[in-house]
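Note that the protein sequences, when read in sequence, are chains A and B. The numbering of the first sequence is our numbering, which starts it at 1 and goes up by one. The numbering of the second sequence is our numbering, which starts it at 549 and goes up by one. Every residue gets a Cβ at the ideal spot worked out from N, C-alpha and C, and that includes glycine.
There are 2 protein chains.
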Amino acid sequence: MITLYKYFIHDNQEQRLLFKRLIDICFDFWNGKTRNGKVLIYKSPDWLKNKLSSLNPKRGIKEDKILDILRDIGKYSISQSDVNYLAFPDSSNSLAGMMAEIYTKFLNQNMIAFSRSAPYATFIEIQLIEWLRQLIGYDFKNIKDVNSLAEVGGMCTTGGHMSNHISILAALNHKYPQIKENGLNNLGVSPKIILAGKISHYSYSSAMHHLGLGNNNIISTESTTAFTTDLNSLRNELNKHRGSDDVFMVVAVAGNSRTCGIDDIEAISNICKEFGVWLHVDACHGGSLIFSDKLKNKHLKRIETADSISIDPHKGMFVTYPLSYVLFKKRDSLVPFTRYESQVRSGEAWDLGYTSPFYGSRGFESLKLWTMIRSMGFDGLRKAVEKREGDAIFVQKYLTESEHFILFHEMTFYRLAFVFYPNDVKNIVDNRKISLEQKKKIRLCIDNYTHKINDELYKEGTICLDEFKLHDIANITNLESGNDRFYVMSVTTGNPTYSKKSLKRSLDVLITKSKNYSGSFRADIIKILNSESYSVEVSEGYGPASWK
Amino acid sequence: MITLYKYFIHDNQEQRLLFKRLIDICFDFWNGKTRNGKVLIYKSPDWLKNKLSSLNPKRGIKEDKILDILRDIGKYSISQSDVNYLAFPDSSNSLAGMMAEIYTKFLNQNMIAFSRSAPYATFIEIQLIEWLRQLIGYDFKNIKDVNSLAEVGGMCTTGGHMSNHISILAALNHKYPQIKENGLNNLGVSPKIILAGKISHYSYSSAMHHLGLGNNNIISTESTTAFTTDLNSLRNELNKHRGSDDVFMVVAVAGNSRTCGIDDIEAISNICKEFGVWLHVDACHGGSLIFSDKLKNKHLKRIETADSISIDPHKGMFVTYPLSYVLFKKRDSLVPFTRYESQVRSGEAWDLGYTSPFYGSRGFESLKLWTMIRSMGFDGLRKAVEKREGDAIFVQKYLTESEHFILFHEMTFYRLAFVFYPNDVKNIVDNRKISLEQKKKIRLCIDNYTHKINDELYKEGTICLDEFKLHDIANITNLESGNDRFYVMSVTTGNPTYSKKSLKRSLDVLITKSKNYSGSFRADIIKILNSESYSVEVSEGYGPASWK
């Protein structure tokens, strides 16, 4: 007979102790003990499925077994905060952020509702939005001067994907307010957005589908060799559509998700102003730079002229998933999404659920970022963000000097994509006159080795790099790949606790393995150059969802 | 000079100790110590804003001060797990659920990506979706037999709002696949949904706006006196649109958010089958009943015939925000939302981000529900859910017997809406022949007292009830309110750890206060009956976002 009582939280010493033992298990995951000191213990999909397959969900277990279950899950989970993890920038290792997030779970405030659930939480979230406005350079207020929901010029979301969706929604409804009642079907025009297809995030094409606009209504500009939006191409496209008045948004990218290239925001802003089009800046990656005046001036100049901006603290800002924000220059940009405009404008209502498209009940995720800022201050976060510049310079230099890789771009702030292509072999290739077919074979050979090296490192679990497909826009490889993309490796240094020493140690693992393959790679390339038979097949399956 | 190191998590005894002290602070919030034993400490919006207004975000603080900051936030936060909290059903007090959620934060898996972030987590989430399918009565598999992403017949979301959006999106794209490329603008038809406007959740009208369909394309049916969808009205509306073939979805409600009335799903399902229309069941509230065969047969009969179902574990299923699911009868309903159909169908890719509309990077929120089920088993959860039936019967009986309230409906499983209207006064009114204007005045008088009582209780912080507007569809008050709505109070008994004793104690606080007002209420009503001057104004501002 199950006694229900023990399965729920009460205040007793036994349960407090259980949670304190849990803290130790959390730290064991953190320090690597759970994973035998590795960044990950690799197991195949079938092995993992098989391990879960014998569980019987019908019967419960003793409550102190929960700890064993959780520890076991940690064993086969990848630690993104490990110093040998170099794939994503999501280190989530803010001390204050993690403490706040745990407290948030116990608080369980529902941000939909002010009076019955989240009174103080509501104002903390609004204050945080003001702090973000201040950092961006938008107009900002002291919380006591925020007099209504209509003045709350931003929104907390669960991810950059949603922040981008909501920006599009806001821009669309700004231009075509009749959509609310009538929908798009009788609009008489097909609303369009403009972005650089090769570098923009897939959330835009998803959004065009989900919001009923259709992928055919994306206008794609060219990209520069620095993986940014080509300004002339943007201007040309806007000119083409000047008469039809169907373009309602231009997307500028402040840190694309592959190379973190940053658009010339100031120039794009001027163009948008000239054409009277809403400018959205996707700063999901680059947003962390707002904490540093120096880096903001260098990379995000005039970002405060954008009509909307998405930033993603669960990416390069040291806090856990989920956390993203969308911010609007015009504070009341979300008012079209309420059913209660008068309450929202009068200050009578403080329920954030009134003005949050796509979100009803939701948690107090903002507390972690608010608390981290309280703890470190803008100033501490500035130092953390600026510290990463040094890491980027170091990584780029160290990999270049190893002479085993071709870097596809300058490492802007924390992400670098490259292929295995030892310089001595490249020199041989560059000095030979070869056919396009030979070039293609060499590309496949590079893909093959790059993937093999990365995959072996991954399965060994000593270091973890990212892998995805990328255009060699600048033709750095000199292999004229055109629209073909390379499988690249990527090092991402989002975690501010890397040291030069730890980075060197991680990269040395990569370099050592690469050196081991340089002989056979050279032999394969020579075969291709000598037109001997050489065949290689590369799987289509690499890379996570957003990278293909 | 700030040393960055100390602001990030490392494994040292000092930090472990800090987190263990945090656990005590979490429990102090839980047991009420932080709030002086109250369910809430009421402060006005201005007071709360003012308290925050002096913070300077530029400078950091010492890291051990974080605990004080968090404790202070708890002081002005409402505890939804307190036994005197009776407003929302979101008790979030599963022991296993909370432990798993804390571990989740340290794991920080990103469900967008299988290989570089969330290998084991991906299969745990898929297994959980299979368990939910099993409980619903959909076809289900052992995890080892799930061979591709296309077979994953459901999705984890952050709330019922989004689950409902995604259901609409899936149904829409099922009927009109051309939207993906062309959008809605050239569709040549205005797609419509049918639902009972008086009882449906506001997420549907929001979704019609956000997805570009427009609010004018909602067809509203009548509601029954039990706050459910009227079957004849539904059939009539479908008949009217038979020729135009523009209705792509019918929404049935399994537990509306005001009274938790549950539609006759079996009957609606038969009608939908007859007309060939997608049936969505909104079981955000009623979904917890799937754990009990008895309650499922009683309330959700034939739910497994629905094309899509939304359920909300962060509501009546004892886990924290955010957590919701949308499930599909046809497993591959999300495939239209991927850009990589072949990888998704072949089993080559396991990145959940491939098939999750609206979501890119997201956390491993599923772990809390998976772990709670592992801990309690379906069987333990059945007991928790069935236990609440007894609470509902008790509350309804106790409030009825107090003779101070008029209950607007039968308490289906955990929610009851009522007004202050002492039976002796009602008897007097019912026996008099009075004008419509007098009835209206009596209604305002009831609104006024109901709000006053509830608001005082709220501000005293001893118990916390919900408050919102509701149609007296069954004319229980005998005041012929028509389209006018009453301000009702609501008791919600989602928390399985209420005891009869604790419920009695909480309700006695309400009853005592109500008794104190019965004299003046009677006097006011007599004035109205005697056509003496009586004026009352009721603010429009009550109730959280979803209730107006």
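task: Could you please give the first and the last residue of the uninterrupted beta strand (DSSP E) stretch that includes A/T549?
output: In the structure as shown, chain A starts at 1 and stops at 548, and residue 549 of chain A therefore has no counterpart that could be examined.
message: Using beta carbons (cut-off 8 Å, strictly below), is B/H957 in contact with chain A?
response: In the second sequence, counting from the first residue as 1, residue 957 of chain B sits at position 409. For B/H957, the answer is no, since every Cβ of chain A falls outside 8 Å of its Cβ.
task: Starting from A/I393, find everything on chain B with Cβ-Cβ shorter than 8 Å and list it in chain order.
output: Reading the first sequence from its first residue, position 393 is the one you call residue 393 of chain A. Those do not exist, as A/I393 stays about 17 Å from chain B at its closest Cβ, beyond 8 Å.
- prompt: Do the region 632 to 644 of chain B and the region 398 to 412 of chain A make contact, defined as three or more Cβ pairs closer than 8 Å?
  reply: no
- request: Check the C-beta distance from B/L875 over to B/I684 and give it rounded, since I have them as a contact under 8 Å.
  value: Taking the second sequence and counting its residues from 1, the one referred to as residue 875 of chain B is at position 327. Taking the second sequence and counting its residues from 1, the one referred to as residue 684 of chain B is at position 136. Confirmed, Cβ separation roughly 6 Å.
Contacts around B/Q657, its chain only, beta-carbon distance under 6 Å, and the 5 residues preceding and following it disregarded: On the second sequence, residue 657 of chain B is found 109 positions in, with the first residue counted as 1. Cβ within range, chain order: S665, A666, A669, F912.
task: Mind the definition here: the region 183 to 197 of chain A touches the region 208 to 222 of chain A only if three or more C-beta pairs lie below 8 Å; say whether that holds.
output: yes
field: Distance between B/E889 and B/Q726 (C-alpha atoms, nearest Å)
entry: Here the question's residue 726 of chain B lines up with position 178 in the second sequence. Here the question's residue 889 of chain B lines up with position 341 in the second sequence. Using only the alpha carbons, I get a separation of about 16 Å.
- prompt: With 16 as the cutoff for other CB atoms within 10 Å, does A/A615 come out buried or exposed?
  reply: Outside the modelled stretch of chain A, which goes from 1 to 548, sits residue 615 of chain A, for which no answer is possible.
query: What residues from the region 553 to 567 of chain B come within 8 Å of chain A, judged by C-beta to C-beta, listed N to C?
result: Y553, K554, Y555, F556, I557, H558, D559, Q563, R564, L566, F567
message: Are the CB atoms of A/S94 and A/R35 within a distance shorter than 8 Å?
response: By one-based count along the first sequence, residue 35 of chain A stands at place 35. By one-based count along the first sequence, residue 94 of chain A stands at place 94. For A/R35 and A/S94, no; Cβs fall outside 8 Å.
- request: Starting from A/W47, follow its DSSP beta bridges and name the residues at the other end.
  value: Within the first sequence, residue 47 of chain A is the residue found at index 47, counting from 1. None, per the DSSP bridge assignment.
task: Please compile the residues from chain A whose C-beta is within a distance smaller than 7 Å of the C-beta of B/S692.
output: Within the second sequence, residue 692 of chain B is the residue found at index 144, counting from 1. Sequence check: residue 692 of chain B is Lys here, not Ser. Under the 7 Å cutoff, chain A gives K49, N50, S53.
query: Roughly how many angstroms lie between the CA atoms of B/V631 and B/G1042, to the nearest whole one?
result: Translated into positions along the second sequence, residue 631 of chain B becomes position 83. Translated into positions along the second sequence, residue 1042 of chain B becomes position 494. Whole-angstrom Cα-Cα distance: 10 Å.
query: In or out: B/V977 buried (at least 16 other Cβ within 10 Å) or exposed?
result: Along the second sequence, one-based indexing puts residue 977 of chain B at 429. Counting Cβ neighbours within 10 Å, B/V977 comes out buried, since at least 16 surround it.
message: I'd like to know if B/N765 contacts chain A, where contact means its C-beta is closer than 8 Å to some C-beta of that chain.
response: Taking the second sequence and counting its residues from 1, the one referred to as residue 765 of chain B is at position 217. Cβ-Cβ to chain A under 8 Å: yes for B/N765.
query: Can you list the residues of chain A that B/S625 reaches, using a CB-CB cut of under 8 Å?
result: Locating residue 625 of chain B in the second sequence gives position 77, where the first residue counts as 1. Those are L107, Q109, A118, P119, Y120, A121, listed as they occur along chain A.
query: Should A/P544 be labelled buried (16 or more other beta-carbon atoms within 10 Å of its own) or exposed?
result: Taking the first residue of the first sequence as position 1, residue 544 of chain A is located at position 544. Legend: pLDDT at A/P544 = 44, less than 50; position of this residue unreliable, value from coordinates given subsequently. By the neighbour-count rule (16 or more Cβ atoms within 10 Å), A/P544 is buried.
- prompt: Less than 8 Å separating the beta-carbons of B/F906 and B/M659?
  reply: Locating residue 906 of chain B in the second sequence gives position 358, where the first residue counts as 1. Locating residue 659 of chain B in the second sequence gives position 111, where the first residue counts as 1. Cβ atoms of B/F906 and B/M659: not closer than 8 Å.
message: What does the Cβ neighbour count give for A/W47, buried or exposed, with the cut at 16 atoms within 10 Å?
response: The count along the first sequence starts at 1 and reaches residue 47 of chain A at position 47. So A/W47 counts as exposed.
message: With the cut-off set at 8 Å, would you say A/D11 and B/N579 are in Cβ contact?
response: Within the first sequence, the letter at position 11 stands for residue 11 of chain A. Within the second sequence, the letter at position 31 stands for residue 579 of chain B. Going by C-beta atoms, A/D11 is nearer than 8 Å to B/N579.
message: Using the three-state DSSP reduction, which class does A/L187 fall into: helix, strand or coil?
response: Numbered from 1 along the first sequence, position 187 holds the residue referred to as residue 187 of chain A. Three-state result, A/L187: coil.
field: Cα-Cα separation between A/K426 and A/K383, rounded to whole angstroms
entry: By one-based count along the first sequence, residue 426 of chain A stands at place 426. By one-based count along the first sequence, residue 383 of chain A stands at place 383. Taking the straight line joining both Cα atoms gives about 39 Å.
task: For the alpha helix (DSSP H) containing B/M647, list its first residue and its last residue.
output: One-based indexing of the second sequence puts residue 647 of chain B at position 99. Looking at the DSSP string, the run of the alpha helix (DSSP H) that includes B/M647 is 643 to 655.
task: Can you pull the chain A residues whose beta carbon is under 9 Å from the beta carbon of B/D638, in chain order?
output: On the second sequence, residue 638 of chain B is found 90 positions in, with the first residue counted as 1. Under the 9 Å cutoff, chain A gives N108, N110, S117, S361.
message: For A/S310, list the residues DSSP reports as bridge partners.
response: For the purposes of this step, residue 310 of chain A is taken as residue 310 along the first sequence, with counting starting at 1. Answer is A/D282, A/V326.
- prompt: So which residues of chain A does B/C1012 contact, with C-beta pairs closer than 8 Å?
  reply: The count along the second sequence starts at 1 and reaches residue 1012 of chain B at position 464. Those within 8 Å of B/C1012 in chain A are R116.
message: Quick check: B/G1009 and B/I589, are their CB atoms within less than 8 Å of each other?
response: Locating residue 1009 of chain B in the second sequence gives position 461, where the first residue counts as 1. Locating residue 589 of chain B in the second sequence gives position 41, where the first residue counts as 1. Cβ atoms of B/G1009 and B/I589: closer than 8 Å.
message: Please state whether the Cβ-Cβ distance between A/I107 and B/F577 is less than 8 Å.
response: Your numbering for residue 107 of chain A matches position 107 in the first sequence. Your numbering for residue 577 of chain B matches position 29 in the second sequence. Here residue 107 of chain A is Leu; the residue named in the question, Ile, does not match the sequence. Yes. Within cutoff.
- prompt: Are the C-beta of A/G390 and some C-beta of chain B separated by less than 8 Å?
  reply: Walking along the first sequence from the start, residue 390 of chain A turns up at place 390. So no, A/G390 is outside the interface.
- prompt: Less than 8 Å separating the beta-carbons of B/N733 and A/S190?
  reply: By one-based count along the second sequence, residue 733 of chain B stands at place 185. By one-based count along the first sequence, residue 190 of chain A stands at place 190. Cβ atoms of B/N733 and A/S190: closer than 8 Å.
message: Please report the straight-line C-alpha distance between B/I1074 and B/K989, rounded to a whole angstrom.
response: As a first step, residue 1074 of chain B must be located in the second sequence, where it is residue number 526. As a first step, residue 989 of chain B must be located in the second sequence, where it is residue number 441. Distance between the alpha carbons of B/I1074 and B/K989: 11 Å.
- request: Please work out which residues of its chain come closer than 6 Å, Cβ to Cβ, to B/T772, disregarding the five sequence neighbours upstream and downstream, and give them in chain order.
  value: Against the second sequence, residue 772 of chain B aligns to sequence position 224. Around B/T772: D778.
message: Would A/A87 pass as an interface residue toward chain B - the criterion being a Cβ-Cβ separation below 8 Å?
response: Here residue 87 of chain A refers to the residue found at position 87 when the first sequence is read from its first residue. For A/A87, the answer is yes, since a Cβ of chain B falls inside 8 Å of its Cβ.
task: Taking only beta-carbon positions, decide if A/C26 is within less than 8 Å of chain B.
output: Within the first sequence, numbered from 1, the residue matching residue 26 of chain A stands at position 26. With 8 Å as the cut-off, A/C26 counts as an interface residue toward chain B.
- prompt: Using a C-beta cutoff of 8 Å, does B/M710 count as contacting chain A?
  reply: The residue labelled residue 710 of chain B in the question sits at position 162 within the second sequence. Judged by the 8 Å Cβ criterion, B/M710 is in contact with chain A.
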